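Student: In case it helps, numbering that gives the first Met the number 0 puts the sequence shown at residues 0 to 150.
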Amino acid sequence: MTDKKETKKVDNALLAVIRIRGGINTERKIKSTLELLRLHKVNHCVIIPKKPELEGMAKRAAGYVTWGDVSNEMIEKMVYKRGRLVKDKRVDKKDVKDIAKKILDGKETGIKPVFRLNPPSKGFKNTRLLYPRGALGYRGEKINELLKRMI
0 MTDKKETKKV
10 DNALLAVIRI
20 RGGINTERKI
30 KSTLELLRLH
40 KVNHCVIIPK
50 KPELEGMAKR
60 AAGYVTWGDV
70 SNEMIEKMVY
80 KRGRLVKDKR
90 VDKKDVKDIA
100 KKILDGKETG
110 IKPVFRLNPP
120 SKGFKNTRLL
130 YPRGALGYRG
140 EKINELLKRM
150 I
């Protein structure tokens, strides 16, 4: 008899990663990790698949970003309000659901990979401490509340 390892596969699990802090006096490894995640400026957000490699990149840059599990409804809101086509044009309302579905499936969408957000209304707690006491690090489903304040 062979023992088969059961692997937990979460379909369509996505993470939203938001850059909180700037890049002054940043270590070279962290700076390159932020560039690989396409987080060049503060309040930029990217949606990435939940893979161990990409989660490790977010953990490496934990002193500069926050991330968590994003909901499908929040992806639709972000595409509608902050999604931009390649020529910096807004996304049509009729195309929002199709683009959100493509993002969930991991297909090519035709929109820019970075969402440029506003600073959150009522501000961050603290931009130097990790999540329960501050704004940095992994926050799970609570990322949706932060995104709602930033859209």
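Quick reminder that beta carbons are idealized off the backbone N, C-alpha and C, glycines included. Owing to the predicted nature of the structure, the values given are computational and were not obtained by experimental measurement.
Inspect the beta-carbon positions of residue 112 and residue 64 and report whether they are closer than 8 Å.
Tutor: For the purposes of this step, residue 112 is identified with residue 113 of the sequence shown, where counting begins at 1. For the purposes of this step, residue 64 is identified with residue 65 of the sequence shown, where counting begins at 1. In this structure, residue 64 does not lie closer than 8 Å to residue 112 by Cβ.
Student: With residue 134 as the anchor, note down where its alpha helix (DSSP H) starts and where it stops.
Tutor: Position 135 of the sequence shown, counting from 1, holds the residue named residue 134. It is not in any alpha helix (DSSP H) - residue 134 carries neither H nor E in the DSSP assignment.
Student: Provide the residue(s) that pair with residue 16 in DSSP beta bridges, ordered along the chain.
Tutor: As a first step, residue 16 must be located in the sequence shown, where it is residue number 17. Paired residue(s): 45, 66.
Student: Taking the straight line between their C-alpha atoms, what separation do you get for residue 70 and residue 147?
Tutor: For the purposes of this step, residue 70 is identified with residue 71 of the sequence shown, where counting begins at 1. For the purposes of this step, residue 147 is identified with residue 148 of the sequence shown, where counting begins at 1. So the alpha carbons of these two residues sit roughly 11 Å apart.
Student: Drop a sphere of 10 angstroms on the beta-carbon of residue 57, count the other beta-carbons inside from all chains shown, and report buried for 16 or more, exposed for fewer.
Tutor: In the sequence shown, the residue the question calls residue 57 occupies position 58. Classification of residue 57: buried, given that the 10 Å Cβ count is 16 or more.
Student: Is DSSP giving residue 74 helix, strand or coil here?
Tutor: The residue you call residue 74 lines up with position 75 of the sequence shown. If DSSP states are grouped into helix, strand and coil, residue 74 belongs with the helices.
Student: Is residue 73 near residue 143, with beta carbons less than 8 Å apart?
Tutor: Looking up residue 73 in the sequence shown gives position 74. Looking up residue 143 in the sequence shown gives position 144. Yes. Within cutoff.
Student: Start and end of the alpha helix (DSSP H) containing residue 59?
Tutor: For the purposes of this step, residue 59 is taken as the residue at position 60 of the sequence shown. Note, residue 59: alpha helix (DSSP H), 51-59.
Student: Take residue 126 and list the residues in its own chain whose beta-carbon comes closer than 6 Å to its own, dropping the five residues that flank it on each side.
Tutor: In the sequence shown, the residue the question calls residue 126 occupies position 127. 19, 20, 134.
Student: For the beta strand (DSSP E) holding residue 95, just list the boundary residues, first then last.
Tutor: The residue given as residue 95 occupies position 96 in the sequence shown. It is not in any beta strand (DSSP E) - residue 95 instead sits in the alpha helix (DSSP H) that spans 95-104.
Student: Considering Cα atoms alone, identify which of 27, 23, 16, 42 is closest to residue 36.
Tutor: Counted from its first residue, the sequence shown places residue 36 at position 37. Taking only the C-alpha atoms, the option nearest residue 36 is 16.
Student: Taking its Cβ as the centre, do 16 or more other Cβ atoms sit within 10 Å of residue 119, making it buried, or is it exposed?
Tutor: One-based indexing of the sequence shown puts residue 119 at position 120. Per the 10 Å Cβ criterion, buried.
Student: With residue 115 as the anchor, note down where its beta strand (DSSP E) starts and where it stops.
Tutor: In the sequence shown, residue 115 corresponds to position 116, counting from 1. Residues 113-115.
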